[in-house]
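In the numbering used here, the protein residues as written are 877 to 1318.
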Amino acid sequence: RPSTPPTRHGPLHPRHRLVHVASTTVARQRARGPTCLGEGGIVPTQAKQFCARSASTMGALISFTLGCVDQLYYMARFVAPNRPRYFKDGWGDVSGARKLADAAAASIASGKSGPPREAVSQSLEWGDAYRTKDSSLIARHGSFVSPLHEALPEPAKRCHFVLVCPLSMGSFPWTASVPQERGPVHPKGTCIMLPATAEQGPEPRVSTAELLAREANIASIVITAPFYGSRKPPDQPMHYVCTVGDFWNAGTAIMQEAALLSCWSAERFPRAPICTTGFSWGGAMASCTGLLASQWLRPDGPEISVVSYAGSATPSVILDGLLNDDVDWAALGGHAAAASELAQVFDCAHLRNLTKAILSNSDATARLAGVHVVSFLHDGFIRKTFSEDLFEHLSSCCVPGGTKTLSWKSGGHIAAFFTRDRHHLPVIFSAFNFKPKRERQW
């Protein structure tokens, strides 16, 4: 116990000894160095740093464990060795597919516009109503002729989509003209949703679209990819595209279809900003769509942003990740002979080809209003460098002062699928600068 020095008038009064003891303890602790206050009193900062390191280590362990779930996909090669695979019919027309992809990039580099903005309206057909879970929403099937219809098989020649709108809009694209006394009612934004690998139908994305419409008054266009769902050739097993050429055409077609729908949305809702988004392959295609649409939209049109969720800058994920065994190497001439050639083909489909075309044209302007990339620390399907490349190339075409975020979440690709509401949805809200009135328990 510290001594109580006498004062000028004698020893300290017992009543003040407690104050003296406390001040002496604090002075001694300050002499040792910085401190922090814990539950049991004053705790050294080293203890706090140890707790932070322990939490970080625990978080990394949890992320690694969740990432290990991806490795279960590796077991499929032993459980189902005769399952369907990509490219069962070989290479296909790779040179033709490359010409179509190069033509899109060349048109941007030369300053030429893409397909006419009226391409959607000229062949647009509305189908049956889509049944929603919420009575405050309305949705309908629609389709139009794909700009790459000549290179696609018969079932894929028309692009199919579902448009989800909040009822508060009052008037919708498939109805008669808006009453003059009220004028058009626009959504707060339009979200263009592209499918993930193997996502045959629109149902999972429509559920997300319903939430966006209900909480933020955002309309959504949910697109079915070529060779998927109702656009799948009858002889194709599941989502496994039969040739390399068709696989390349599918990517080129869907990014142009989605870019045209972005232009159609801008004409229909000129005050509604646009966001392109998707998970996995859909995130990669959403990135290409955003770049393409940013050059096709009118200069005075609405802003467009990209939200890529667990996406990649290149289709080389099929070669470098757990999908490697999903390729029918025998149909391509054997792994040893085909691997390098297929890598060259996929490199030609890298996102950098679009960004180079935009940046090489002095008249082209970087018009992405925002770039939001969400990736996962232990993704067994997508290498970290592919995610970083995606963010880097998208950011190079972002307007000065635009929002650019790259966030890393715990877990792997399968964990990303099951945590879309928790990690994907809030970023879409953020892209539209929308904050829910009450915090959701993601």
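Glycine included, each C-beta is placed from N, C-alpha and C at the ideal position. Bear in mind the structure is a predicted one, so any value in this text is a computation, not a measurement.
Does the distance from the CB of residue i to the CB of residue j come in under 8 Å?
{"i": "leucine 976", "j": "threonine 1128", "result": "yes"}
{"i": "phenylalanine 1145", "j": "proline 1042", "result": "no"}
{"i": "leucine 1039", "j": "leucine 1301", "result": "no"}
{"i": "valine 1262", "j": "lysine 1285", "result": "Here residue 1262 turns out to be phenylalanine, not valine, going by the sequence shown. No, Cβ-Cβ distance for phenylalanine 1262 and lysine 1285 is not below 8 Å."}
{"i": "valine 970", "j": "valine 1193", "result": "no"}
{"i": "serine 1188", "j": "threonine 1165", "result": "no"}
{"i": "lysine 1033", "j": "serine 1047", "result": "no"}
{"i": "leucine 1195", "j": "alanine 1219", "result": "yes"}
{"i": "valine 1182", "j": "threonine 1231", "result": "no"}
{"i": "glycine 1018", "j": "phenylalanine 1037", "result": "yes"}
{"i": "serine 1272", "j": "leucine 1235", "result": "yes"}
{"i": "asparagine 1200", "j": "alanine 985", "result": "no"}
{"i": "cysteine 1224", "j": "arginine 974", "result": "yes"}
{"i": "asparagine 1229", "j": "alanine 981", "result": "yes"}
{"i": "alanine 1085", "j": "phenylalanine 1305", "result": "no"}
Closest to residue i by CA distance: which of the options is it?
{"i": "threonine 1190", "options": "Met1045, Lys1009, Phe963, Ser1163", "result": "Ser1163"}
{"i": "glutamate 1030", "options": "Thr1066, Pro1110, Phe1048", "result": "Pro1110"}
{"i": "alanine 1233", "options": "Pro1078, Leu1270, Ile1097", "result": "Leu1270"}
{"i": "lysine 964", "options": "Met1114, Arg1016, Lys1009, Arg1107", "result": "Met1114"}
{"i": "phenylalanine 1267", "options": "Pro1276, Ser1283, Phe1222", "result": "Ser1283"}
{"i": "glycine 1197", "options": "Ala1134, Ser1156, Ser1184", "result": "Ser1156"}
{"i": "valine 1239", "options": "Glu1026, Gln1171, Thr1008, Val1221", "result": "What sits at residue 1239 in the sequence shown is aspartate, not valine. When only C-alpha atoms are compared, the closest one is Gln1171."}
{"i": "proline 1149", "options": "Gln1076, Pro1078, Arg1243, Gly1159", "result": "Arg1243"}
{"i": "serine 1011", "options": "Arg1090, Asp1265, Thr1066", "result": "Arg1090"}
{"i": "tryptophan 1002", "options": "Glu994, Arg1016, Ala1207, Lys1009", "result": "Arg1016"}
{"i": "lysine 1260", "options": "Gly1287, Trp1124, Tyr1104, Val1275", "result": "Gly1287"}
{"i": "glycine 853", "options": "Thr1084, Asn1125, Phe1103", "result": "Nothing about residue 853 can be read from this structure; the chain reaches only from 877 to 1318."}
{"i": "glutamine 947", "options": "Cys1274, Phe1305, His1254", "result": "His1254"}
{"i": "glutamate 1079", "options": "Ala1092, Arg1228, Val1098", "result": "Val1098"}
{"i": "histidine 1289", "options": "Met1069, Ile1258, Ser1044, Leu1227", "result": "Ile1258"}
{"i": "alanine 1186", "options": "Phe1293, Ile1304, Arg1147", "result": "Phe1293"}
{"i": "proline 991", "options": "Glu1264, Asn1237, Asn1200, Trp1140", "result": "Trp1140"}
{"i": "serine 939", "options": "Ala1291, Ser1106, Lys1311", "result": "Ala1291"}
{"i": "leucine 1013", "options": "Gly1277, Ser1096, Ala1206", "result": "Ser1096"}
{"i": "aspartate 1265", "options": "Gly1277, Val1275, Val1250", "result": "Val1250"}
{"i": "isoleucine 1068", "options": "Gly1154, Lys1009, Ser999, Val1303", "result": "Gly1154"}
{"i": "glutamate 1026", "options": "Gln998, Leu1000, Ser1083, Pro1102", "result": "Pro1102"}
{"i": "alanine 1355", "options": "Asp1202, Arg1298, Gly1209, Cys1274", "result": "Examination of residue 1355 is not possible in this model, given that the chain is present from 877 through 1318 alone."}
{"i": "leucine 1000", "options": "Cys1035, Ala982, Ala979", "result": "Cys1035"}
{"i": "valine 1082", "options": "Asn1093, Arg1147, Lys1009", "result": "Lys1009"}
{"i": "alanine 1134", "options": "Leu1024, Ile1304, Asp1297, Ser983", "result": "Leu1024"}
{"i": "methionine 1045", "options": "Ser1184, Gly1209, Ile1094", "result": "Ile1094"}
Identify the residues that DSSP records as bridge partners of residue i: which are they?
{"i": "threonine 1281", "result": "His1248"}
{"i": "glycine 1018", "result": "Trp1002, Phe1037"}
{"i": "tyrosine 962", "result": "Val1203"}
{"i": "methionine 1069", "result": "Val1098, Thr1153"}
{"i": "isoleucine 1180", "result": "Ile1150, Leu1244"}
{"i": "cysteine 1274", "result": "Leu1244"}
{"i": "proline 992", "result": "None, per the DSSP bridge assignment."}
{"i": "leucine 1088", "result": "In DSSP, leucine 1088 forms no bridge with anything."}
{"i": "leucine 1013", "result": "Pro1042"}
Hey, residue i and residue j are a contact pair by Cβ (cut 8 Å); roughly how many whole angstroms apart?
{"i": "alanine 1142", "j": "proline 1178", "result": "5 Å"}
{"i": "alanine 1322", "j": "histidine 1248", "result": "Limits of the chain in this structure are 877 at one end and 1318 at the other, which puts residue 1322 out of reach."}
{"i": "threonine 1295", "j": "glycine 1246", "result": "At roughly 22 Å, the Cβ-Cβ gap does not stay under 8 Å, so threonine 1295 and glycine 1246 are not in contact."}
{"i": "valine 1071", "j": "threonine 1051", "result": "It should be noted that the sequence gives proline, not valine, for residue 1071. Wrong, their Cβ atoms sit about 27 Å apart, outside the cutoff."}
{"i": "tryptophan 967", "j": "valine 1117", "result": "Actually they are not in contact, since the Cβ atoms of tryptophan 967 and valine 1117 sit about 12 Å apart, beyond 8 Å."}
{"i": "glutamine 1076", "j": "tyrosine 1104", "result": "5 Å"}
{"i": "alanine 995", "j": "leucine 1136", "result": "5 Å"}
{"i": "arginine 961", "j": "aspartate 1204", "result": "4 Å"}
{"i": "isoleucine 1180", "j": "methionine 1161", "result": "That belief does not hold up - the Cβ atoms of isoleucine 1180 and methionine 1161 are roughly 15 Å apart, past 8 Å."}
How is the beta strand (DSSP E) around residue i delimited, first residue to last?
{"i": "alanine 1095", "result": "1094-1099"}
Along the chain, where does the alpha helix (DSSP H) containing residue i start, and where does it finish?
{"i": "alanine 1189", "result": "Where alanine 1189 is concerned, there is no enclosing alpha helix (DSSP H), given that its DSSP letter is neither H nor E."}
{"i": "histidine 1211", "result": "1211-1224"}
{"i": "alanine 1233", "result": "1228-1236"}
{"i": "isoleucine 1130", "result": "1120-1144"}
{"i": "glutamine 1198", "result": "Reading off the sequence shown, one finds leucine at residue 1198, where the question assumed glutamine. Neither: leucine 1198 is in no alpha helix (DSSP H) and is coded neither H nor E."}
{"i": "histidine 1299", "result": "1296-1299"}
{"i": "serine 1044", "result": "First-last for serine 1044: undefined, no H or E at that position."}
{"i": "leucine 976", "result": "970-985"}
Using a beta-carbon distance below 8 Å, is residue i in contact with chain C?
{"i": "phenylalanine 1020", "result": "Chain labels in this structure do not include chain C; a single protein chain is all it has."}
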